[in-house]
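Under the UniProt record's numbering, think of the first position of the sequence shown as 1, with each following residue one higher.
We put the beta carbon where it would ideally sit given N, CA and C, even for glycine.
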Amino acid sequence: MKEIELRLALVFYGGVSLAIYMHGVSREVLNLVRASACRSERIGRNGVAPVMERAPSPTQLAYETLLDRIGQTLDMRVVVDAIAGASAGGVNGIMLARAIAHDLPLDAHTSLWLKNADVTELARPQNGLKGYLKSGISPVLDRMISTQLKTDIEDAETREKLRTLMQSRWFTPPFSGERYSGWMLDACREMDRHHKPGATLIPRSQALDLFVTLTDYRGQVRRIHIDDPAYVEEWDHRRLLNFRAVHRVPFFLQSDLGPDSVPELVFAARATSSFPGAFPPATVLEMDHVLAGRREDWPHRQDFLSRGLELKEDDLSHRCFVDGSVVMNKPFSPVIEAIRNRPAAREVARRLIYVDPVPAAVRDPEAVQPPLPGFFRTILASLAHIPRNEPVGDDLRDIEERNRRGRWLAQTISAAAPVVDKAVRKIVPNRGRIKPEALTRYRAEANKTAHRQAGYAFLNYEALKLQAVSLRLSNLMVSLARSQGQNLRQDELLSCLAVYMERLTRSLEDGPPEAGDDVVLFLRGLDVDFRVRRLRFAIRKLNSYYQSRLRDEASSADPGKVDHFKSLLYEQIDHLAHRWDAGFYGKSTVELASQLAEVERDGPSPESSAKLQATLDRLKSLMGLPDLDRLQDELFAVKGAELLPNDLWRDLLRSYVGFAFYDLVTLPLLQSNDFSEVSEVLVDRISPKDACRLSGEGFRLKGAALNSFGAFFNRSWREHDYLWGRLNAADRLISVVLSAAGPGKPDAEEEEELRHQIFRAILEEEEPKLKADPDLIRGVKAKLETLFAVSA
Numbered sequence: 001m002k003e004i005e006l007r008l009a010l011v012f013y014g015g016v017s018l019a020i021y022m023h024g025v026s027r028e029v030l031n032l033v034r035a036s037a038c039r040s041e042r043i044g045r046n047g048v049a050p051v052m053e054r055a056p057s058p059t060q061l062a063y064e065t066l067l068d069r070i071g072q073t074l075d076m077r078v079v080v081d082a083i084a085g086a087s088a089g090g091v092n093g094i095m096l097a098r099a100i101a102h103d104l105p106l107d108a109h110t111s112l113w114l115k116n117a118d119v120t121e122l123a124r125p126q127n128g129l130k131g132y133l134k135s136g137i138s139p140v141l142d143r144m145i146s147t148q149l150k151t152d153i154e155d156a157e158t159r160e161k162l163r164t165l166m167q168s169r170w171f172t173p174p175f176s177g178e179r180y181s182g183w184m185l186d187a188c189r190e191m192d193r194h195h196k197p198g199a200t201l202i203p204r205s206q207a208l209d210l211f212v213t214l215t216d217y218r219g220q221v222r223r224i225h226i227d228d229p230a231y232v233e234e235w236d237h238r239r240l241l242n243f244r245a246v247h248r249v250p251f252f253l254q255s256d257l258g259p260d261s262v263p264e265l266v267f268a269a270r271a272t273s274s275f276p277g278a279f280p281p282a283t284v285l286e287m288d289h290v291l292a293g294r295r296e297d298w299p300h301r302q303d304f305l306s307r308g309l310e311l312k313e314d315d316l317s318h319r320c321f322v323d324g325s326v327v328m329n330k331p332f333s334p335v336i337e338a339i340r341n342r343p344a345a346r347e348v349a350r351r352l353i354y355v356d357p358v359p360a361a362v363r364d365p366e367a368v369q370p371p372l373p374g375f376f377r378t379i380l381a382s383l384a385h386i387p388r389n390e391p392v393g394d395d396l397r398d399i400e401e402r403n404r405r406g407r408w409l410a411q412t413i414s415a416a417a418p419v420v421d422k423a424v425r426k427i428v429p430n431r432g433r434i435k436p437e438a439l440t441r442y443r444a445e446a447n448k449t450a451h452r453q454a455g456y457a458f459l460n461y462e463a464l465k466l467q468a469v470s471l472r473l474s475n476l477m478v479s480l481a482r483s484q485g486q487n488l489r490q491d492e493l494l495s496c497l498a499v500y501m502e503r504l505t506r507s508l509e510d511g512p513p514e515a516g517d518d519v520v521l522f523l524r525g526l527d528v529d530f531r532v533r534r535l536r537f538a539i540r541k542l543n544s545y546y547q548s549r550l551r552d553e554a555s556s557a558d559p560g561k562v563d564h565f566k567s568l569l570y571e572q573i574d575h576l577a578h579r580w581d582a583g584f585y586g587k588s589t590v591e592l593a594s595q596l597a598e599v600e601r602d603g604p605s606p607e608s609s610a611k612l613q614a615t616l617d618r619l620k621s622l623m624g625l626p627d628l629d630r631l632q633d634e635l636f637a638v639k640g641a642e643l644l645p646n647d648l649w650r651d652l653l654r655s656y657v658g659f660a661f662y663d664l665v666t667l668p669l670l671q672s673n674d675f676s677e678v679s680e681v682l683v684d685r686i687s688p689k690d691a692c693r694l695s696g697e698g699f700r701l702k703g704a705a706l707n708s709f710g711a712f713f714n715r716s717w718r719e720h721d722y723l724w725g726r727l728n729a730a731d732r733l734i735s736v737v738l739s740a741a742g743p744g745k746p747d748a749e750e751e752e753e754l755r756h757q758i759f760r761a762i763l764e765e766e767e768p769k770l771k772a773d774p775d776l777i778r779g780v781k782a783k784l785e786t787l788f789a790v791s792a
């Protein structure tokens, strides 16, 4: 049976109290992903490790029914690759990432939002004489409510809570950051009561990346080299935190999202949602105080300060962070970069889904234009409205450009294939078994032939590879030095590496280098990315079998064995990528890299060159790339022959051996490792505007009132937005799943039944909990039955 992975990347916008709607969306994403993982475990598919003893929710079971129906013709697995969020979206992104990484429930966070996301819980009321004096403004406030805010707050509960808020401290933030952090710590600890070592919804050999935006109020000085003067300096206030979980081997997770990482995750949530004026700025010292009051430790505090926030202990008294949406409210770019080369163990359909609770309405150009804004409205728009409505067109156009480049890549490879195949057939025998050491010789011969035939184009290709390796090495050395507290400047280090590379490349003036030349030895020992590109190219070849040969030769090619071989190649890619991680190296290597700070101060000199050479030699020795080459040759020669039919295996060998031919053509134009599995990433949005099957036209979230603070003033409004977050997300996720299923999806009548089954399961789960408005569940049920009756 054909297999496919539906791989999701998620972007959560900012939106203050609209966080409650986004929490409902998060619950549905988790239900779908967990349903997929549990179904895979149930039918004997390995790769994930959900906690099967935990009772599934009605909604999870309904999603499993949907996947089982699709599974009659197509085995689909749903995986989340990356999550990014800003402000309120950042909080939800953090909690969803924890739940997926360690298979944890989100129930505790539902309670957090519904009970505690209220002004009476968040506000710091003003007591004593000042509070008494401020109570005299109530009549004024009532008149303002009646005349200015109109229908937004006709509700009595909302009026009363607005009055309470006005009696809190003036000219200081009304909400308590410490109280907010405490609630998030409580919710995380409640999640971790269900923590089971090794449990995860991340497939084996895969990773989940989480990105959270912060605004550094003070900022950091960034130096930019120009012509005259030599450089300029500017303040950079944007911070992007990256947390990661990797499922390397069965039942072992290398994770920044586990129980011991809760303090830094809660700090990130507190900082990214520190709405200016509502919360005080977030500080590390505040987090220290909260943890001390609870007698809790912060195990990774020092590492988080140095690597995550790039701060020293002396900085903490005067560094603070405000809402992440001030600088990046719609964090598409980190997610796009993360999924660019993210591997999949089988044929893949990629979707980038962004959650926009209140999509902006485009004004009719013929409509009457509003008057020019006044003084206060201009300030408010500049500080709050405009940053939160930054356009995403550039990011979406970037996806379109990547999709076009993917199609161009496929055309280029197809055009070159006959020529390369003819050249490689002269090198690789067409019959008999091939030993690993013979395959190593064939690769070397093919590389030499490709370089010789490239002529003068080889110089550009080799220079590009050396430049890419230099950039990678500089990033690694800076990370190593930073872990020792040394501030190594990358631009100065790159200048020293440029001098080193100039010496290496002098021999290229006479033509392609020979086996023992310095430039060959340098790349053989340190060019990790060439190996990654080569493996990705082989995987691309394997993926083409899903679309053509596996359909025609199902009797001879076992898709499960092809998947297994791909997973072995991805393990090798993971080993290679780990070489660029500072955590791969030990203390002695860190100390060597730290000494390079003197290279930066002294500039090129014999002593600095010696220190650079010593560091490069150490890295070359520890990377062990020739050993990995031999292991990969053995995989292709032995394991490939064991798992693949003979004709597919030989075709794959020719692609592997002849990769240098393709790399010479594609790398100078791509300038990346972008041999991705698919040509396109499709974009979908979740919002009330896109999922109006139940809500109808003109539907509006309650939390959108009062400049998106509305849900903080009314429990029934929070319940309303949370429920509709789940319903809207379910509607959209079902459409995404069915779109990825293609011809294997159910017909229209059966699709409607499956959709309504999931809607009913959501209402069944929430009916005992959502009591603030008795008409809420009742009204949705009536709409559901009416819609189902019409469809039937």
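- Please determine, among PRO668, CYS38, PHE211, PHE12, the residue with the shortest C-alpha to C-alpha distance to ALA457. PRO668
- Item | Sheet register partners of SER255 (DSSP bridge) | ALA245
- Item | Alpha carbon of ASP529 to alpha carbon of ARG778, nearest angstrom | 58 angstroms
- Message: Using 8 angstroms as the threshold, is the C-beta distance between LEU480 and TRP580 below it?
- Response: no
- If you compare alpha carbons, which of ASP731, GLU264, ARG244, LEU265 is closest to SER255? ARG244
- Item | Per-residue DSSP class, three states only, for TRP170 | Because TRP170 sits at a pLDDT of 47, beneath the cut-off of 50, its placement in the model cannot be relied upon, and the point is left open.
- Are there 16 or more other CB atoms within 10 angstroms of the CB of LEU96, so buried, or fewer, so exposed? buried
- Task: Note down the Cα distance separating TYR63 from ASP107, rounded to an integer number of angstroms.
- Result: 18 angstroms
- Query: So, ALA730 versus PHE759, is the Cβ gap smaller than 8 angstroms?
  - Reply: yes
- Message: For the structure I just gave you, are there three or more beta carbon pairs, one from the segment 482-495 and one from the segment 290-310, closer than 8 angstroms?
- Response: yes
- Is VAL358 near ALA704, with beta carbons less than 8 angstroms apart? yes
- Can you tell me the Cα-Cα spacing of TRP113 and ILE20, whole angstroms? 6 angstroms
- Query: Counting only runs that start and end within the segment 243-330, where is the beta strand (DSSP E) found for 3 or more residues in a row?
  - Reply: 252-255
- Could you work out which residue in TYR545, SER181, ALA99, GLY71 is closest to ARG34 when comparing CA atoms only? ALA99
- Near MET52, what residues of its chain come up, given a Cβ to Cβ distance below 7 angstroms and the 5 sequence neighbours on each side ignored? CYS38, GLU41
- Query: Which partner residues of ASP216 appear in the DSSP bridge assignment?
  - Reply: PHE321
- Could you work out which residue in LEU526, ALA582, THR589, ILE339 is closest to ASP303 when comparing CA atoms only? ALA582
- Excluding sequence positions up to five away, which residues of its chain have a Cβ less than 6 angstroms from the Cβ of GLY15? ALA88, PRO357, SER708
- Task: Excluding the 5 residues preceding and the 5 following GLY640 in the sequence, name in chain order all residues of the same chain whose CB lies nearer than 8 angstroms to its CB.
- Result: PHE565, TRP649, LEU652, LEU653
- Query: Can at least three beta-carbon pairs, one atom from the segment 762-774 and one from the segment 710-728, be found at a separation below 8 angstroms?
  - Reply: yes
- Straight-line CA distance for ILE434 to VAL428? 9 angstroms
- Item | Run of the alpha helix (DSSP H) containing PHE584, from where it starts to where it stops | That residue, PHE584, is in no alpha helix (DSSP H); it is neither H nor E in DSSP.
- Message: With a threshold of 8 angstroms, are at least 3 pairs of Cβ atoms found where one atom belongs to the segment 215-232 and the other to the segment 181-196?
- Response: no
- Task: Return the residue from the list LEU526, SER333, ARG270, LEU201 that minimises the CA-CA distance to TRP183.
- Result: ARG270
- Helix or strand or just coil, what does DSSP make of GLY698? coil
- Query: For MET76, which residues does DSSP report across the bridge?
  - Reply: ILE4
- Terminal residues of the alpha helix (DSSP H) in which ILE94 lies: 88-102
- Message: Under DSSP, the beta strand (DSSP E) around ILE686 begins and ends at which residues?
- Response: 681-686
- Mind checking which residues open and close the alpha helix (DSSP H) that includes VAL51? It is not in any alpha helix (DSSP H) - VAL51 carries neither H nor E in the DSSP assignment.
- Query: Cα separation between PHE275 and ASP527?
  - Reply: 45 angstroms
- Strand pairing of ILE353, partner residues [DSSP]: LEU10, ASP684
- Query: Under a Cβ-count criterion, where at least 16 other Cβ atoms within 10 Å of its own Cβ denotes burial, should ASP518 be classed as buried or exposed?
  - Reply: exposed
- Query: What first and last residue would you give for the alpha helix (DSSP H) that runs through ASP563?
  - Reply: 559-578
- Per DSSP, which residues does ALA84 bridge with? Please list them. VAL11, PHE211
- With 16 as the cutoff for other CB atoms within 10 Å, does ALA123 come out buried or exposed? buried
- Query: So which of TYR461, ASN447, VAL119 has the shortest CA-CA distance to GLY658?
  - Reply: ASN447
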